[in-house]
Structure formats: structure tokens, C-alpha cells
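There are 2 protein chains.
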Amino acid sequence: MLVSAILTSVGINSALCVIFLVLYSILKKQPSYYEVFAPRLLAEGSSKQGSRFNLERLLPSAGWLSKAWKLSEEEMLSSSGLDAVVYMRMITFCLKVFSFAGIIGILILLPVNCSGTELDQIDFADLYTSSLDAFTISNVNSGSKLLWIHFSAVYAVTIFICYLLYYEYNYISSKRIAYFYSAKPQPHQFTILVRNIPVSVGSNVSDSVESFFTEYHPTTYLSHTVLRRTSKVQSLIKDANKLYKRLLHLQSEPSEQKYKRVGLCGHKVDLLDHYGKRLDDLEQNVRLKQSEALLAEDTHAAFVSFKSRYGASTVFHLQQSINPTHWLTEEAPAPDDVYWPFLSSSFMRRWISKLVVVVACILLTVLFLIPVVVVQGLTNLSQLEVWFPFLKSILDISFVSQVITGYLPSLILQLFLKAVAPIMVFLSSIQGYISHSMIEKSACKKVLWFTIWNIFFATAFSGSIFYQVSIFLDPKKIPAKLAVAVPAQASFFITYVVTSGWTSTTSELARIFPLICHLTTKCCAKSTDEGIEVPSIPYHKDIPRILFFGLLGITYFFLAPVILPFLLVYLCLAYIIFRNQFINVYAPKYETAGKFWPIAHNSMIFSLVLMHAIAVGIFTLKKLPLASTLIIPLPVLTLLFNEYCRKRFLPFFIAYPAEVLIKKDMEDQNDATMSEFLDRLVTAYRDPALMPIQYSADIDSLNRPLISSAGV
Amino acid sequence: MLVSAILTSVGINSALCVIFLVLYSILKKQPSYYEVFAPRLLAEGSSKQGSRFNLERLLPSAGWLSKAWKLSEEEMLSSSGLDAVVYMRMITFCLKVFSFAGIIGILILLPVNCSGTELDQIDFADLYTSSLDAFTISNVNSGSKLLWIHFSAVYAVTIFICYLLYYEYNYISSKRIAYFYSAKPQPHQFTILVRNIPVSVGSNVSDSVESFFTEYHPTTYLSHTVLRRTSKVQSLIKDANKLYKRLLHLQSEPSEQKYKRVGLCGHKVDLLDHYGKRLDDLEQNVRLKQSEALLAEDTHAAFVSFKSRYGASTVFHLQQSINPTHWLTEEAPAPDDVYWPFLSSSFMRRWISKLVVVVACILLTVLFLIPVVVVQGLTNLSQLEVWFPFLKSILDISFVSQVITGYLPSLILQLFLKAVAPIMVFLSSIQGYISHSMIEKSACKKVLWFTIWNIFFATAFSGSIFYQVSIFLDPKKIPAKLAVAVPAQASFFITYVVTSGWTSTTSELARIFPLICHLTTKCCAKSTDEGIEVPSIPYHKDIPRILFFGLLGITYFFLAPVILPFLLVYLCLAYIIFRNQFINVYAPKYETAGKFWPIAHNSMIFSLVLMHAIAVGIFTLKKLPLASTLIIPLPVLTLLFNEYCRKRFLPFFIAYPAEVLIKKDMEDQNDATMSEFLDRLVTAYRDPALMPIQYSADIDSLNRPLISSAGV
């Protein structure tokens, strides 16, 4: 790829970014777009003012920038929770790392690279049509003493990153504990999920639970809620909710629309009456299925609540039954975080689902390589001319060729990647996780490893999947292969950063998709008077993106330091834009209290070890065997450091220590509201599908149904 | 190796076995040998009678056989503990497996092998000088349909073994629980070991422990014992004990020996007086060091006791402190099982010891190959003649050559292996384990894997260590290499079974080494009037041997079924002899309540998977690719079965479930002796090196010192 192609891509994407920024600055001030650009503020009722028209509204302004900049971490913690803080710290972590690496890379490594003569000497006058390779480590002469500068840079950056990783892990751990101490009592702290409850003949699950826990944990046991299989009821309630909304909608419309001809020359039918009857039928059906579900006890699972956090924690940590496959305990999620559909599924079904998901992930990885290969083909212009000879005349235009080689490949890859995140969420959701947050965490990991494998390795070793797998089956040759393949792809990854990083982030600010949705619904004039739905940030999409850029920066900083400025621009954009979005757009749906950080930590450690492997290969290739030998201790030390961090910090992210739980319990003993909380706790984990429904009673009034649709 | 050589080896070893059996039958009836052959009975006082001489005493008899045969499992459980029962069940497990495999192997596979024509047709008249290969699977024609019989045998035996493994794991788990229920309260059930206790300035470890547990576990906490660094005191006490014994010995001797000349023409010195003074000095020194040790608090570790088993268990299972590297908990061993020397060592020291042990194990494995190579050289007679030409005339004698090729190799290997077990115990003891039983368990694992690697793989792939390692670095080629190498070694392993199995087991009965020790001490007339020391069975030596024979049988049953009768004879011998030894010789020193079984289970699973790998290789080699493909599911299913067993049974062997603990605690509540037990518990974990010593007071009386030498 030539420098000109890269510049074209940068140009197009910069233009797009500017357009998005201007669009946002103008549209966000129009009250009709508040729903798109500030749903959170709207929902909180703090953005209703200012519907009066004035000229200022049409001019782009940058007030939001300073507002986003000034937001402190404490404000963020209180408004968006610890997860948002952790997310922002991932961005600042990368910012710190790449500022440090950027100084070393641009000021020291880049001049060294340019001074080499291995490739064509750089003609600065002709820079525009030359290749980027002259700026990379490939240009340094083999056996040159200058390579020791790269060697030192690898050591310096590794030490800096490890120090930062330790600092961050420590900081977030302490935040997590502080968050726990400051939080009010929450049902999931007092509750565990028990599965595989054995039931003796003539007894039922509820009695079993009651007798087991009153016998063995009489002092701490509080109550339990048996789980029912409610998938049928859930789908019925969904139908009923739809019908109910339609009915409400009909009532508010002019009366002539309430009648409809039946048949070709039939009489008019009162639609209100018709739907009303159908709703009645549905309602009766729901009640029937609900009582059926309450009688059938085929799930053998229950939420069990305790009087103290420590009580719940001991039962969770100790094997309860003589038979280790009975009375299996799991930590309960928060009541509104529970993912009901798969909660009640049997052990066998969850086991099979898990197997299916593994196979599906492998299939997806294999099939995804097809678009990647196409993308790789597109960057090769002469290949394209051979395939499509009729395009020759168009491809000869220099701008078109630059767009095709510089911008199109990463755009296409981008579009395909858009589909991956929802697929991964779907796969995680059928894997048997019991909460939305766990599904999102699992999807986040899946998307991350998918991205690393299918973008990084597939681009580096562009070839068949079997070729890639064969490389990893022969671990001794990995560094050599990486050293050849990775530096050659520097220019592709620069365009990738620009397309996927810059444009995606600014389009996130301009909320392109919600904007389009908003405009189409407006045009079709189907005003639904539902409340504004405040979205939550899709961590499973955004965290892997940042971590993948972290991997790119860490692996490329000493190979092709030119990539770092592009990454820094991206990170600055992401920093300011996501702070703004947390203020205006996203509200937290659940709180994992920082459980996403270990994913980031592991990803960084992987990036470091990968970088070391590439360094070993590069120094061998450049005939500096001493340097490649001296790199070997670095991955070993990095992995030992990781092992230490796992021992030191990871336990916090799995369960709270006894000391913390007992202290918090003691505090609560003096709290007068505690008994009230325990009363509420008893009913906190009732399946929404089993709550009584009262559509008929509500149908005349315009009140919404009592049943919430969140859990369905 | 020719059949004649094997028969020579069998002949020599059978003769040795008969000699040992006769020797035992006669000597065991002589009262002067009771100390060797029935120390346990002697110590229990039930074998003092019958010192009157009669002729019957000189005739070999088989009364002990029926006595050993009649011993029931319940009797064994009550007299030798659950560990002995588990050990015997390992033997019966192998017996069951090889009876089943033997029927299939001898009745079905052997005729099939013999009917093949791949190798030289067997001339039954000339059997004596032919090779054993004609009886192995190597003789079956390539591509023959008869190989499907071997295929079915592999499936049948795998299913049978897995069924038995499940049954045994289940049985031993239930025995373990039953043992726990029936046992009296034991200190280690109520106690945990806490390490890395943080100490604030101006406080000490004891206060730290007291305040932490009274704050967070006020209802269950009972007491604690801080650990001191006592290695210096221990060595001093050891010296003092030696001196004390010498003094006691002197007192009982005739008076002229009590004086000794000092210098060339010096005056006589009263030795009693001389030693007495030195003992006084030592005693004062011990007291000084004891008080020093009590003041220095550099271990930051303590045994913490609780009022209930469940209380101790919750503290053990939950992370206690906010800092996960503080207040680390471990299960406490029984007081007399504690291994004091390394208990108080620091975290860093234990970590380094662990590293050193790993390196030492690798070194041992590498160095051990030297005798193995020599052994392999000895089996090759012509090679020997080239090396030592002067031996030619002797080697030409047919009997000598048969002894050298048939018997000598496994004998030499055997002698070298004798040294491995003590080395492994030593390595385990410096690895930082806190109890004798854990050291023995770890040594058992080490010896097992050492045996498998250095006997099985080193014999199969006789070559340099690098060649062996290179095979395992290329996992795809393992089955093919195994299929070529393993069947060729069948005859060597038959002689190995005969030498290591038959002769070792009967020499165990005849207690050759203790017998020699007994005779030498008797000759030197140094009668020491110490009490009889009852030995405990060295599980770390005996369990790996049985498991290794299990591996041999499982891998060879379809390759060379001729090995099975030899194994069955060995197992029958082991069955009856070890039962006899448990009655007469060995007394349990500690009780792990069956924790050795998971080692046996894992070893069997490994043997099965290894057998499957060999089968895959063999069927590929014999040009039956369909069969080798159809074997593939078998290791997968075996590993899944193992995974299930790990989930289902392994938790029992790590910790007792809450249900069991609470039930047992409830039973104790009604027990009047419980408060007395708790009083004793407070002082149960005092370091024997810190107990007061009173040699001077005892010196005139012939009482033994108050301090026990067990812990030093």
C-alpha cells in the first residue's frame, strides 16, 4: 500500500469525522432530536427547556466539549456506576501507554528506521508515491547496532505497561471495595441460586429447600423462591402486551378507523370489541398457564435468600451436599439483571447449549475468513483487474484506485464486523448464563478473541484457515513467521485505525443508526406514546475495540511507530466522546462493579507476550541473535507478573472477602431500615412472568399494564 | 529376547520366591525374630507367648496364609485404618481388571496372534529358542479382519475398567464419609493453619490473630497457637537426646568402661561425669534458644482452632482479608502428622524450595537414564562381547548368557529404582508440605510419574532424553512411534514383572533388609533397650509399583496377552502378603482417610488413554485405518468420564461438605466429653521443640526424657 493510499483513507475519514461532529453540534440543540442525542437527560427530566427557536441553535458549537471534559470521576461514579469508570480508565490507560510509547517511537525509533538503507532510500520529494515500509523496522540494516535502540524500547515499554497494569488493578480493586462499602443493601448480596435440588418422593422442591436450609443454616436462612419453567407464559404475555398496546392505540384514534370490513362484502366489525375479546382470551390463557407452571416443579432450582451477606457467602463457597452434584450454588444476579429465559433450563440442556455455542463460534471464525480474503483481494489492485477486466478503465483513475486500496478494504471489514457483536451476544445468551451482565461479559470476551484472531492474525497470515492453524501447531516457528508477516501489514492497520477508530467513534457521537431510525419513524408518522427508552452502552462492542487498538499499538510501536499518532487521535476522540455519551445518552442497566477490568488486563498481557514473540522473530531475522535471546526473559517475567496479579487482585473480582462482608453486615445491624429491606427481599426474586395480570381492568383507563415487559 | 531367557528369569525368580516363603514360614515362628516379623503384634503385647522350643517350630507352615485370607474389610478398617483398605482395594481392582482382560487375552487374542503369519511361523517343537514376538499382535497379518477382535477387546476392557473405576470411587467416597461420621472428634477437624498474618506496629502476631478472629468470628473462634522458628532448638534437642541415650547406656554398663584415658599418658576421666556436664550445658542452651524462639515472631503463622468443624471449614473456604495475600488459610494436619521443620519457613523460602525441587526432579530424570541405557546394553549380548572381548568365553555358556539377558537387566534397574523413593521423599519434604501424609502423597505421585517416564517410555524409546522429549513435542506422531516401540518390549516387561513384582513382594514378606539389620545388630551385641519401633507401610513405594503394573497390564493386554498370567500371579501374591503384613508388621502412623485413591484413579485413566494411543498407532500400522479412526472416540469418552468423576467424587477428597460437618457438629452438641476435648484442643498444636525439657531431673532414674523425639 502506498503512502498516497493511506493519505486518501485518512482524508476521507477525517472529512467524515468533521461532518459527524458538525452534525452533532447542530442537531443536539434541536429539541426534536433530544430523544436521540440526550435520551438520558430527557428521561431524567432535565432537558425539557429551550424549545424557543433562535439562530444560535443552527450554528455548530463546542459547549458540550468543555462539559464532557470537566466531568470528574466521582460524578461519573455516582451517575453511571463503576462500570463506566472502569471503561473510561481503559481508554486513559491506553492513552498513557501510547503517549509514552509515542514519544519513544516518534522521537527515537522513527529517525533510526528512516536512516536505514535496507529498502529503497527514501526520496522525501517523492514521498507521496513511495511505500510506508521505509519508515518501519524493515528498513534498518541487518546486524546494525542501531537495533539495540529498538531492543531497549521494548524493555522500557514493557516495564512501563506492567507498572501501569499493577497500578490500575490495584486502583480498581480498591474502588470495587469502596463501592461495596458505600452501596445500600442489595438483594443479590443476600441471595444465592441453588440448582439440582433433590426432591424425595411425596415432597416438593419448596419443602426440600425449606427443610434443608432450616436444618443446616437455621440462623441465617431467610426465604426462598422456587423457579418455574415459564417460557410458554412469557411468549403468551408478549402477545398480550402487543395486543394491549394496539388496543390502547386504537382507543386514541379517530372513531372511523375503529371499524373494519370483514370479507369482500361483509359487515363492519367493531375492532375495539374484536381485540378486547381476543385480549380476554389471551388473559385467561395466561392465567391458566401460570397456574400450570406453578404446579409443575420440573426445574429443581430456587433463589435462596439469607439474613446476612456473610451467611449467603458461606453457603455459596462450601459444597453443601454429600452428593456434589446436588445443591449446586451460584451467586445470584441483581433481580433486574436476571436473564429469565434460560434460568430454569435443565443441566443437560445447558450442557448441550454450551457445546453448541463452542461449535458455532468455531464455525463463525471459519466462515468469517471469506470476507477477510475478499478484503485482502481488494487491496491488491492488479489482481482485481485480472478478475474484472471491464473495470480497468475506472481503476486507472488514480483517486478511484486510492479509494479502493486505501479506504474500501477496511470499510468492508468494518461492515462485516458489525454483525459479529450481535451474533456473539446471541451465542452467549443461549450458553446458560443467568444474568444479562454475565452474557455481556462473555460476549465481550468472545468478540475480543474473535477480533484478535480474525483481524490481526488473519490479516498477518492471509491464507487459508488451515495454514493459520498449522502455524500455531508448530510453536517454535511462530516468532519467525510473525516477524515476516506482521511488519508488512503496518499500512493496512493504519487505515484500519482510521476507519474503525476515528469514524466509528464520531459516528457513535452522531448516533447515526438511532438518528436514521428516529427520522424514519417520524416520517411514517407512527407516533407511539411510549416513554423514552434510555439505552445502555454496549460494552461487548466497545471494550473489544479499545483493547484491540491497544494490541495494535503495543505490537506495532517498535515495528512501525507511524501508527501511534493515529491511535492517539483515536483515543482522544474516544475519551471525550464517551464521557459526553455517559452524560447525555447512556444509563447503566446493571452494575458488575468493575468485573470487566480483568478482561482488559488479560488482553494487555497477551499483547505484551505477542509483542515479545514478534521481537524475538525480528531480531533473529535482522541477524542480532544476542538481542533475540535477551528478549526471552521478558515474556517469562511478564507471565510471572500476571500470575502475581491473578493471586493478588483477581479474587476480589470473583467474590468479596469475609472481612468486608462481615463489616458490612455489622454496619447493617444498627440500621433501622434493614428489617424493611429483608421484607422486600422475600419477594425480590419473583419471576415477572408469574405476576398477576389485569389487562381487562386497565383497558378503560389509559394506565399501562401492571406487568413490566422488561423480563419478557 | 528369546523365550529361553524369559524362562530363565522366571525360574530364578520363582526359586527366590520359594526360598523367601520358606524362610518366612520358619523364621516367623522363632521368638527371637518376632521383632522383625511381627513388630506390631509384639508392640500390642499379643505375641509374647510360646518361647518353649518344639520341633514344629522348625518346619515351614502355611497357617499365616489362612489367617491373612480370612481378614475381613471391617477388621482391617478398625485395625489399620481407611488408607490400608484403600491400598488393598487398589490390588483387588487390578486383580478384577486383569482377570477379565486375562480371559479375553489368553482365550481369544493369543490364539488369534499365534495364527498369524506376519513373522516366522511358530515351530512349537523349537519354541524354547524362538522369540516371543510370534505371540504378540505383531504376528497378525496386516489388514487382516482378525484385528477387529483386538478392536472389540479394547472397547470391552475400556468399558469394564471405567465401570469399575466409577464403582470404586463411589465406594471409597462413601467409606470416607462413613469414616468421618464414625470417628471421634479430632483436633485437625477443628483447626486451620493461617499464614501471612499482618502485624501492625507495636502489636504482635498473637494479638493480631486474637483480635481478627474475635472480631470477625466471635461465635466460633476458640484459640490459637503461634508458630515459632525452631530449627535451631530442634537440632539442639536432637543432640541432647543422643547424649542422654548414651548416658543411660553407660549407666547400665559395667563400671570399668565408664573411664577413659585422656591424651597419651593422661589421667582417667569419669565419663559419666563428663557427659553429665555436657548435657547440662546443652540443656541450658536449649532453654535459652527456646525463650529466644518464643520472643522472636518472624513466622507470621498460627494454628487457629474453632469450636465447631463447620466454623473451621467456613474460615478455610472463604478468603478472609481484603488483601488476598494476607490471612492465607490451609487445612491443619493432625497434631502428630505435622511436619515441623518446614512449617515455619517463610513464603519466599517455600517458593524457592518448590522451584529447586522442580529442577531437582528434572535433573534426576535426566541422570537416571544412564543406568537405563546400561541396562538396555546388557540385554544385547553381542554388544557386550564387542565392549569386553575377554568375557567372550564366559558369555558363550548358554546359562550365563540367559542370566545376563533375562535376569540381570531388570535386577540392575530394580536396584537403581530402590534409591528413587527415598530421594523423592526427601524432595517432597523440602517442598514446603506441612504434614508427613502430604509429603508421602506427593512423593507417591513423583515416584509414579518417574516410574512411568523412566521405565515405560525410556524402555520403549531407548534413546537419548532429547529424542524422547522430541517425540512428545510432536504430538501427531506419538501413536505411530508408540505402536512401533511398545510391542517390541513385551519380553523385557515380562521379566520386569517377574523380578520387580514377584521377588520384591516375597522379599517384602521375608523383610530381607530389616532381617539383615536385626542380624547385624545382634552380632555386634549392642543390645539397645529401646521399645520396639513399629514401622508404617511406605505407600510412596508400594502404590506406584502396583499402579505401574496396572499400566503395563492395560497397555499390553491386547499387544502381548502373555504378560497377563505373570501379572495375575504377582497380584495374588501381593494380595495375600500385604494382608499378612498389615496384621503382623505395619501400624498406621497417620490417616488420610483414602486420599491416595485419586492418584490411583488418575493413573488408570492415563493408562487407558495411553492404551488407546497405542491402539490407534497399531491399527494404522496394520493397515486398518477404519479401526484406528473408530478408536478415537474412546479416549475422548474416557476423558469425559474422568471429568465427570472429578466433579462427582473429587470434592470429597479435598474437603467435607457442609451437610456432613454440620450433622457431626450437632451430634457433638449432645456429647458430654466435648468440653473436655475442646480444653485439650487449645494445647494440641504446641511445637514439641518448645516443650520444657528435664534431662537433669531424669538422669538418675531410668525414665526416658519427657520430650518425645517424634517431632525432631
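Those protein sequence lines, which keep their order, are chains A and B. According to my numbering, the residues represented by the first sequence are 1389 to 2100, in order. According to my numbering, the residues represented by the second sequence are 1389 to 2100, in order. Just so it is clear, CB atoms sit at the ideal spot from N, CA and C, and this is done for glycine as well. As the structure is a prediction and not an experimental result, all values here were calculated from the model.
CB of residue i within 7 Å of CB of residue j, strictly
| i | j | result |
| --- | --- | --- |
| A:S1693 | A:S1594 | no |
| B:T1524 | B:A1878 | yes |
| A:P1575 | A:A1962 | no |
| A:L1429 | A:Y1421 | no |
| B:P1875 | B:S1526 | yes |
| A:V1582 | A:A1690 | yes |
| A:I1580 | B:E2047 | no |
| A:T1894 | A:L1409 | yes |
| B:V2070 | B:A1431 | no |
| A:A2001 | A:I1866 | yes |
| A:K2011 | A:S1530 | yes |
| B:I1492 | B:A1541 | yes |
| A:I1882 | A:I1394 | yes |
Buried/exposed call for residue i, threshold 16 Cβ in 10 Å
| i | result |
| --- | --- |
| A:T1717 | buried |
| A:P1863 | exposed |
| A:C1905 | exposed |
| A:F1481 | buried |
| B:A2060 | exposed |
| B:G2005 | buried |
| A:H1637 | exposed |
| B:C1550 | buried |
| B:S1888 | buried |
| B:Y1559 | exposed |
| B:F1778 | exposed |
| A:I1782 | exposed |
| A:D1917 | For A:D1917, the predicted structure reports a pLDDT of 48, less than 50, and the residue's modelled location is therefore unreliable. A value from the coordinates is still provided. With fewer than 16 other Cβ atoms within 10 Å, it is exposed. |
| B:I1758 | exposed |
| B:L2090 | Below a pLDDT of 50, predicted positions are generally treated as unreliable, and B:L2090, at 45, falls in that range; the measurement from the model is reported next regardless. The residue is exposed, with fewer than 16 neighbouring Cβ atoms inside 10 Å. |
Contacts of residue i in chain B (Cβ-Cβ under 7 Å)
| i | result |
| --- | --- |
| A:Y1604 | A2046, E2047, I2050 |
| A:P2039 | Q1707, P1712 |
Interface partners of residue i on chain B, CB under 8 Å
| i | result |
| --- | --- |
| A:R1477 | None at all; the shortest Cβ gap to chain B is about 21 Å. |
Reduced DSSP category for residue i - H, G, I as helix; E, B as strand; rest coil
| i | result |
| --- | --- |
| A:N2091 | Legend: pLDDT at A:N2091 = 41, less than 50; position of this residue unreliable, value from coordinates given subsequently. Coil, per DSSP. |
| B:A1876 | helix |
| B:L1706 | coil |
| A:H2000 | helix |
| B:L1534 | coil |
| A:H1906 | helix |
| A:V1614 | strand |
| A:D1917 | Low confidence applies to A:D1917: its pLDDT is 48, below 50, so where it sits in the model is not reliable, and the reading given next is rough at best. In the structure shown, A:D1917 sits in coil (DSSP, three-state: anything other than H, G, I, E or B). |
| B:V1528 | coil |
| B:L1459 | coil |
Closer than 9 Å at the beta carbon, the chain B residues around residue i
| i | result |
| --- | --- |
| A:K2035 | P1712, T1713 |
| A:I1565 | I1710 |
Chain A residues whose Cβ lies nearer than 9 Å to that of residue i
| i | result |
| --- | --- |
| B:A2043 | L1706, Q1707 |
Proximity test, Cβ basis, 7 Å: residue i and chain C
| i | result |
| --- | --- |
| B:T1702 | The structure shown has no chain C; the protein chains it does contain are A and B. |
Residues bridged to residue i (per DSSP)
| i | result |
| --- | --- |
| B:R1583 | B:L1716 |
| B:Y1609 | B:F1694 |
| A:L2012 | BP columns for A:L2012 are empty, so no partner. |
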